[in-house]
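Engineer: Provided herewith is a single structure, encoded as structure tokens, for subsequent inquiry.
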Amino acid sequence: RLGVFDVDLYNDVVADATRRLDKYSSHGISLVVFALGCVNQRPRAVFMQALVRELRARIGQEFEHRAINMIVHGMSKLGIRDDRLMKIVSQHLLRIGLDECNVITLANYALSFAKLEYWDDRLFAAFGRNLIDSLDEMTIRDQTAAGLAFAYFAYGSKYLQESSYVLESLLKAGEQRQNEFSNRELSTFAFIAGKFRQAVDEEDGIDSTNRPNPTPLEQSGPIAQMIINQALRQRPEFSVAETTLIVYGLMRLNTRDEKMLLQAAEQYIRNAAELSSVEIINALYAFGRLQFVHLGFVSAMLEEVRRRNMLENAEPKFMAQLAYTLAFQRVLEEDMMNTIAKNVCRRAREFSGQLMSMVIWGMATLGVKKHAKALCSTCLE
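To convert, count from 1 in the sequence shown and add 489; that's the working numbering.
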């Protein structure tokens, strides 16, 4: 909790827990796993084996919801999806039920399982029923945690039948309490709404080839209108990360508002030197999808790409997205596109079929032909 990491202490505690985890109480085990998540230190496989062994032997007798939640939360913070552990926990929760589980633990359970992409339809159905029954008891934080969980579930599992009702209920509840949102909660709410819309669009077969033009604010749905109206209210300035979540949410909701996007563009320009490569490409892509071309913003973002020489050792995904986004916005930066083409030819095996097609589409759309023959030959190979 203090953010203090002592490597010797960490090694001693984990070594002791690995050696005699059977002597630890259920609360002690949960504290160790939770602490590992807080300091982001992944344990060795032998510790995971001991943890699974103890859970299998004792979960029905000693572990209460709080201890189980701390273990699953620690695993999600570490990004460790151990199917043995997750199966033990999910079967136990289904067996004993969730009636005695408070709403905070319930929302955290759902979010941890979703972040680990452990899609158990029966378990998420149980999460959903209990969350809806507890909707009046939820804080805004609980609502956003539950919303994130079911947005990830809807998109990741493609199981919309169960998640749609839960998400629609959570979004409606959030709309009714919109004036209680902090900046972070509003941006997370926008992300949830956008992620849900993305899952629905994919289910309906809507993609970049047949997506309708962005809808203006006055013709958009109530959720998009609420997000934009709240974002434009007099409030402390959003962080860049929060602004990006809102813009990306509106992109997925296919809603375009000039005032909102202009405010975001100006913030990106002011903070251009501090943006990460991911934030730069996400902002460019979202503006492109929303058909919002702000030349000052585009110029500032591309200048950062050049200034930091981002293309020299860029990830394939970054280069493909940049080529695709420039083409989407009909912005011709021939030197940049030529550099991307040369990198693709040089590192072709690092590019998936989708990334390769994004680059070629970008080159063709902008009419960049200098390396076209080599690029097409590489793609065919």
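All C-beta atoms, glycine included, are put in the ideal place defined by N, C-alpha and C.
1. Rounded to the nearest angstrom, what separates Lys-512 and Arg-542 at their Cα positions?
2. Quick one: what does DSSP say Thr-628 is sitting in, helix, strand or coil?
3. Would you list, in sequence order, the uninterrupted alpha helix (DSSP H) runs of no fewer than 4 residues that lie entirely inside the segment 507-592?
4. Return the CA-CA distance between Ser-766 and Glu-792, expressed in angstroms with no decimal places.
5. Got a sec, what are the start and stop residues for the alpha helix (DSSP H) Thr-698 sits in?
6. Can you look up Arg-745 in the DSSP assignment and give me helix, strand or coil?
7. Spell out a yes or no on whether the segment 529-536 and the segment 571-587 are touching, meaning 3 or more CB-CB pairs, one atom from each, closer than 8 Å.
8. In the DSSP output, which residue or residues are listed as bridge partners for Pro-725?
9. Measuring alpha carbon to alpha carbon, tell me which residue in Leu-706, Cys-834, Leu-855, Val-502 is nearest Glu-870.
10. Out of Met-715, Leu-742, Ala-679, point me to the one whose CA is closest to Val-689's CA.
11. Buried or exposed, going by whether 16 or more other CB atoms sit within 10 Å of the CB of Pro-805?
12. How long is the line joining the alpha carbons of Asn-619 and Asn-597, rounded to whole angstroms?
13. Rank Leu-844, Leu-582, Met-790 by C-alpha distance to the C-alpha of Ile-557 and give the top, closest one.
14. May I have the straight-line CA-CA distance separating Ala-789 from His-783, to the nearest angstrom?
15. Measuring straight from C-alpha to C-alpha, what distance separates Gln-723 and Asp-610?
16. Expressed to the nearest angstrom, what Euclidean distance is found between the alpha-carbon atoms of Ser-866 and Thr-828?
17. Using C-beta distances below 8 Å, list every residue in its chain close to Val-521, excluding the 5 sequence neighbours before and after it, in chain order.
18. Judging by CA-CA distance, which residue of Ala-761, Glu-801, Tyr-737, Gln-756 is the nearest neighbour of Tyr-774?
19. Are there 16 or more other CB atoms within 10 angstroms of the CB of Asn-771, so buried, or fewer, so exposed?
20. Are three or more beta carbon pairs between the segment 640-653 and the segment 679-687 nearer than 8 Å?
21. My understanding is that Leu-734 touches Ile-717, with C-beta atoms under 8 Å, so please give their C-beta distance in whole angstroms.
22. Is the distance from the Cβ of Ser-658 to the Cβ of Leu-612 below 8 Å?
23. Is Gly-851 close to the ligand SAM? I mean its beta-carbon at under 7 Å from any heavy atom of the ligand.
24. Since Leu-750 contacts Phe-781 with CB under 8 Å, what's their CB separation in whole angstroms?
25. So, are the CB atoms of Met-564 and Leu-605 less than 8 Å apart?
26. Does Arg-531 pass the burial test, meaning 16 or more other C-beta atoms within 10 Å, or should it be called exposed?
27. Given Thr-814, which residues of its chain have a CB within under 6 Å of its CB, disregarding the five upstream and five downstream residues?
28. What is the residue span of the alpha helix (DSSP H) that Asn-827 lies within?
Structural biologist: In terms of the structure at hand:
1. Position 23 of the sequence shown, counted from the start, is the residue given in the question as residue 512. Position 53 of the sequence shown, counted from the start, is the residue given in the question as residue 542. Lys-512 and Arg-542 have their C-alpha atoms spaced approximately 13 Å apart.
2. Indexing the sequence shown from 1 puts residue 628 at position 139. Residue state, collapsed to three classes: coil.
3. With a minimum length of 4 residues, the continuous alpha helix (DSSP H) runs that stay inside the segment 507-592 are 515-528, 534-547, 554-567, 572-585.
4. Taking the first residue of the sequence shown as 1, we reach residue 766 at position 277. Taking the first residue of the sequence shown as 1, we reach residue 792 at position 303. Between Ser-766 and Glu-792, the alpha-carbon positions lie close to 12 Å from each other.
5. On the sequence shown, residue 698 is found 209 positions in, with the first residue counted as 1. Counting along the chain, Thr-698 sits inside no alpha helix (DSSP H), nor does DSSP assign it H or E at all.
6. Walking along the sequence shown from the start, residue 745 turns up at place 256. Looking at Arg-745 - three-state DSSP - the assignment turns out to be strand.
7. No: the two stretches stay apart, fewer than three of their Cβ pairs being nearer than 8 Å.
8. Taking the sequence shown and counting its residues from 1, the one referred to as residue 725 is at position 236. Beta-bridge pairing links Pro-725 to no other residue.
9. As a position in the sequence shown, residue 870 is number 381, starting the count at 1. Out of Leu-706, Cys-834, Leu-855, Val-502, Cys-834 has the C-alpha closest to the C-alpha of Glu-870.
10. Along the sequence shown, read from residue 1 onward, the residue named residue 689 stands at position 200. Checking every option, the nearest Cα to that of Val-689 belongs to Leu-742.
11. As a first step, residue 805 must be located in the sequence shown, where it is residue number 316. Buried.
12. Working through the sequence shown from its first residue, we reach residue 619 at position 130. Working through the sequence shown from its first residue, we reach residue 597 at position 108. Rounded to whole angstroms, the separation of the alpha carbons of Asn-597 and Asn-619 is 13 Å.
13. For the purposes of this step, residue 557 is identified with residue 68 of the sequence shown, where counting begins at 1. Of the listed residues, the one whose Cα sits closest to Ile-557 is Leu-582.
14. On the sequence shown, position 300 is the one that residue 789 refers to. On the sequence shown, position 294 is the one that residue 783 refers to. For the pair Ala-789 and His-783, the Cα-to-Cα distance works out to about 10 Å.
15. Residue numbering aside, residue 723 sits at position 234 when the sequence shown is read from its first letter. Residue numbering aside, residue 610 sits at position 121 when the sequence shown is read from its first letter. Each residue's alpha carbon lies about 42 Å from the other.
16. What you label residue 866 is simply residue 377 of the sequence shown in a count that begins at 1. What you label residue 828 is simply residue 339 of the sequence shown in a count that begins at 1. Roughly 17 Å separates the two Cα atoms.
17. Within the sequence shown, numbered from 1, the residue matching residue 521 stands at position 32. Taken in chain order, the residues that qualify are Val-502, Val-503, Ala-506, Tyr-513.
18. The sequence position of residue 774 within the sequence shown is 285, counting from 1. Scanning Ala-761, Glu-801, Tyr-737, Gln-756 for the CA closest to the CA of Tyr-774 turns up Tyr-737.
19. Translated into positions along the sequence shown, residue 771 becomes position 282. Looking at its Cβ environment, which holds 16 or more other Cβ atoms inside 10 Å, Asn-771 is buried.
20. Output reads yes: the segment 679-687 touches the segment 640-653.
21. For the purposes of this step, residue 734 is taken as the residue at position 245 of the sequence shown. For the purposes of this step, residue 717 is taken as the residue at position 228 of the sequence shown. Contact between Leu-734 and Ile-717 does not hold, since the beta-carbon distance rounds to 14 Å and is not under 8 Å.
22. Here the question's residue 658 lines up with position 169 in the sequence shown. Here the question's residue 612 lines up with position 123 in the sequence shown. Leu-612 is positioned such that its CB atom lies no closer than 8 Å to that of Ser-658.
23. This structure lacks the ligand SAM; in fact it carries no ligand of any kind.
24. Numbered from 1 along the sequence shown, position 261 holds the residue referred to as residue 750. Numbered from 1 along the sequence shown, position 292 holds the residue referred to as residue 781. Rounded, the Cβ-Cβ distance is 5 Å, consistent with contact.
25. Looking up residue 564 in the sequence shown gives position 75. Looking up residue 605 in the sequence shown gives position 116. Yes, the Cβ-Cβ distance between Met-564 and Leu-605 is below 8 Å.
26. Here residue 531 corresponds to residue number 42 of the sequence shown, with the count starting at 1. Looking at its Cβ environment, which holds fewer than 16 other Cβ atoms inside 10 Å, Arg-531 is exposed.
27. The residue labelled residue 814 in the question sits at position 325 within the sequence shown. Result list for Thr-814: Leu-773, Tyr-774, Gly-777, in chain order.
28. Counting from 1 along the sequence shown, the entry for residue 827 is found at position 338. Start and end: 823-835.
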